[in-house]
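Peer 1: FYI, in mature numbering (1 follows the signal peptide of the UniProt record, and there is no 0) the residues of the sequence shown are -21 to -1, 1 to 353.
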Amino acid sequence: MVKFIASSLTVLLLTIAAVKAQINIAAYPKVNEVPPITSPEVQAWLKEIDLTGAPAIELHKGAPPACPNPPIANECYWTCDGCAADDITACAAPNTWGLTFDDGPSVYTPTLLDFLKTNKLSASFFVIGSNAIQYPATLKREVAEGHHLASHTWSHHALTTLSNEQIVAEMKWTEKAVMEATGLRLKYMRPPYGDINNRVRFVLKKLGYIPVDWTGDAYDTNDWRIASGWTEQQVVTTFTKSLDAYVASDKAKGFYCLEHDVADSTVKVALKLLPLGIQRKINFASVAGCEHDAQPYQAGSTAPMPTLPGVNPTTPGQPTPSKGPTTPGGGSTAGGNGTANGPTVLAPKNGASTMVASGLFTAAAAAAAALILA
């Protein structure tokens, strides 16, 4: 009986803490859908910026879009032709793995955070706004543990298929969600599917954002392919070859990888990939660490500007595995058809993930994070 009462009280306390950590989801657009541009919030945001002079590049079609044939002049379409303009595509620090994770936060992110904390690694998390409003306690934990937050849009739609105004809505709603959870105004972003051209860049620059791509196909871990039939070992074997090729190079610059914290499978394989870098004496850093950015968030943040770790030198040898609690499973890791479980699953473009988080934290899991950070 005593054990039962203690257990019940624990659940109650955790549930109360979970409520404390929540964002009012009703105040936000529908999750995983492109936000309407007619809302008062978006109209106010549009009045704050001048989109005059945006390149008159026709919107692409498809999900994600096919490459135009012939190519459009002066488009600089990274997805198809590798043209990056001023995008960040490589870590500025030598011999460094720019550690980034897309599509979270999710129910699986805490397991990854446990591993990173144990091994003293700092990462950038490119968060989806639709997920951010469901897991605010995870965002708080990421900031508290020295990680860097960045934007991956509200609904993970290909930005070249959206109007200028829709891009503003995608970015600003995500910005608002992260501000509400952490008090920090995002500065860096990664376009879903790596889908970016000069029109998209123009709008992002007006909003104060710096795009961060990944360092080419060799540094796409292909973790997203597990959902379509690849095994963990295939991912590990393929990426090991890329790491060995990097180690054999002059390593004058570092690299940014494409990894995801949205699914159980992608987090599990990350815990196998990261030790490969440690064993090869590759350093690790977030985008802020790679770029030596002492102001990793935009002006207007209501929280103090955090001092983020620089490059994390690795110690040769086997890293300590995560010993954190097992996160709850269950539910599909692929999205549904625009419901709360996620958007329609799209074919990947250049290896970008098609996966989105599904379901909500269980009360106990969310509350545990909230208790730590309250």
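Each residue gets a CB set at the ideal place from its N, CA and C atoms; glycine is no exception. Predicted model, so just to flag it, every value in this text is computed and none were measured.
When the Cα atoms are used, what is the spatial distance from Lys26 to Asn143?
Peer 2: As a first step, residue 26 must be located in the sequence shown, where it is residue number 47. As a first step, residue 143 must be located in the sequence shown, where it is residue number 164. Rounded to the nearest angstrom, the two C-alpha atoms are 13 angstroms apart.
Peer 1: Of all the beta strand (DSSP E) runs that stay within the bounds of the stretch 44 to 74, which reach a length of 3 or more residues?
Peer 2: Fully enclosed beta strand (DSSP E) runs of 3 or longer: not present.
Peer 1: Using 8 angstroms for Cβ pairs, my map puts Val147 next to Val21. What's the rounded Cβ distance?
Peer 2: On the sequence shown, residue 147 is found 168 positions in, with the first residue counted as 1. On the sequence shown, residue 21 is found 42 positions in, with the first residue counted as 1. Right, their Cβ atoms sit about 7 angstroms apart.
Peer 1: Given Ile112, which residues of its chain have a CB within under 6 angstroms of its CB, disregarding the five upstream and five downstream residues?
Peer 2: What you label residue 112 is simply residue 133 of the sequence shown in a count that begins at 1. Excluding residues within five positions, the ones whose Cβ falls inside 6 angstroms are Ile2, Ile4, Tyr7 and Ala156.
Peer 1: Any idea which residues DSSP pairs Gly77 with across the strands?
Peer 2: Translated into the one-based positions of the sequence shown, residue 77 becomes position 98. Paired residue(s): Tyr235 and Ala264.
Peer 1: Do you know offhand how far Thr140's Cα is from Asn176's?
Peer 2: Numbered from its first residue, the sequence shown carries residue 140 at position 161. Numbered from its first residue, the sequence shown carries residue 176 at position 197. Their backbone Cα atoms lie some 11 angstroms apart in a straight line.
Peer 1: Give the straight-line distance between the Cα atoms of Asp229 and Pro190, rounded to the nearest whole angstrom.
Peer 2: For the purposes of this step, residue 229 is identified with residue 250 of the sequence shown, where counting begins at 1. For the purposes of this step, residue 190 is identified with residue 211 of the sequence shown, where counting begins at 1. Distance between the alpha carbons of Asp229 and Pro190 is about 26 angstroms.
Peer 1: From the DSSP output, which residues share a beta bridge with Pro190?
Peer 2: Locating residue 190 in the sequence shown gives position 211, where the first residue counts as 1. Met168.
Peer 1: I need the boundaries of the beta strand (DSSP E) containing Ser134, first residue and last residue.
Peer 2: The residue labelled residue 134 in the question sits at position 155 within the sequence shown. First-last for Ser134: undefined, no H or E at that position.
Peer 1: At which residues does the alpha helix (DSSP H) containing Ser244 begin and terminate?
Peer 2: Taking the first residue of the sequence shown as position 1, residue 244 is located at position 265. Run containing Ser244: Asp243 to Gln258, per the alpha helix (DSSP H) assignment.
Peer 1: Note down the Cα distance separating Glu159 from Thr281, rounded to an integer number of angstroms.
Peer 2: Taking the sequence shown and counting its residues from 1, one reaches residue 159 at position 180. Taking the sequence shown and counting its residues from 1, one reaches residue 281 at position 302. Spanning the two alpha carbons is a distance of roughly 9 angstroms.
Peer 1: Sort out for me which residues DSSP pairs Gly83 with in a bridge.
Peer 2: Residue mapping note: residue 83 aligns to position 104 of the sequence shown, counting from 1. In DSSP, Gly83 forms no bridge with anything.
Peer 1: Rounded to the nearest angstrom, what separates Asp196 and Tyr56 at their Cα positions?
Peer 2: The residue given as residue 196 occupies position 217 in the sequence shown. The residue given as residue 56 occupies position 77 in the sequence shown. The alpha-carbon atoms of Asp196 and Tyr56 are separated by roughly 15 angstroms.
Peer 1: Asp202 by DSSP, collapsed to three states: which one?
Peer 2: In the sequence shown, counting from the first residue as 1, residue 202 sits at position 223. Three-state result, Asp202: helix.
Peer 1: Quick one: is Ser101 buried, meaning 16 or more other Cβ sit within 10 Å of its Cβ, or exposed?
Peer 2: Here residue 101 is taken as the residue at index 122 of the sequence shown, counted from 1. Its Cβ being crowded by 16 or more others within 10 Å, Ser101 is buried.
Peer 1: Does DSSP put Ser18 in a helix, in a strand, or in coil?
Peer 2: Residue mapping note: residue 18 aligns to position 39 of the sequence shown, counting from 1. Here Ser18 sits in coil by DSSP.
Peer 1: In or out: Val13 buried (at least 16 other Cβ within 10 Å) or exposed?
Peer 2: The sequence position of residue 13 within the sequence shown is 34, counting from 1. Label assigned to Val13: buried.
Peer 1: Hey, would you say Ser218 sits closer than 7 angstroms to Ala69, going by beta carbons?
Peer 2: For the purposes of this step, residue 218 is identified with residue 239 of the sequence shown, where counting begins at 1. For the purposes of this step, residue 69 is identified with residue 90 of the sequence shown, where counting begins at 1. Ser is not the amino acid found at residue 218; the sequence shown has Phe there. Not closer than 7 angstroms, so no.
Peer 1: Consult DSSP for Ser207 and reduce its assignment to one of helix, strand or coil.
Peer 2: As a working mapping, residue 207 is identified with position 228 in the sequence shown. Helix.
Peer 1: How about Thr153 and Gly108: do their beta carbons lie closer than 7 angstroms?
Peer 2: For the purposes of this step, residue 153 is taken as the residue at position 174 of the sequence shown. For the purposes of this step, residue 108 is taken as the residue at position 129 of the sequence shown. Yes.
Peer 1: Taking the alpha carbon of Gly279 as the reference point, which residue from Ala42, Val226, Lys166 and Ala123 has its own alpha carbon closest?
Peer 2: Start at 1 with the first residue of the sequence shown, and residue 279 comes out as number 300. Considering only alpha carbons, the answer is Lys166.
Peer 1: Ordered along the chain, which non-local residues of its own chain (more than five positions away) have a Cβ less than 8 angstroms from that of Ser221?
Peer 2: Within the sequence shown, the letter at position 242 stands for residue 221. Answer for Ser221: Ala197 and Tyr198, listed in chain order.
Peer 1: Along the chain, where does the alpha helix (DSSP H) containing Ser103 start, and where does it finish?
Peer 2: Within the sequence shown, numbered from 1, the residue matching residue 103 stands at position 124. Counting along the chain, Ser103 falls outside any alpha helix (DSSP H), though it belongs to the beta strand (DSSP E) covering Ser103 to Val106.
Peer 1: Can you say whether Val10 is buried or exposed, counting buried as having 16 or more other CB atoms within 10 angstroms of its CB?
Peer 2: Position 31 of the sequence shown, counted from the first residue, corresponds to residue 10. Buried, since its Cβ has 16 or more Cβ neighbours within 10 Å.
Peer 1: Starting from the C-beta of Val290, find all residues in its chain whose C-beta is less than 6 angstroms away, skip the five residues before and the five after it, and write them out in chain order.
Peer 2: As a first step, residue 290 must be located in the sequence shown, where it is residue number 311. The residues are Ala72, Thr75, Asn262, Ala264 and Gly268.
Peer 1: Can you look up Gly162 in the DSSP assignment and give me helix, strand or coil?
Peer 2: Within the sequence shown, the letter at position 183 stands for residue 162. Coil, per DSSP.
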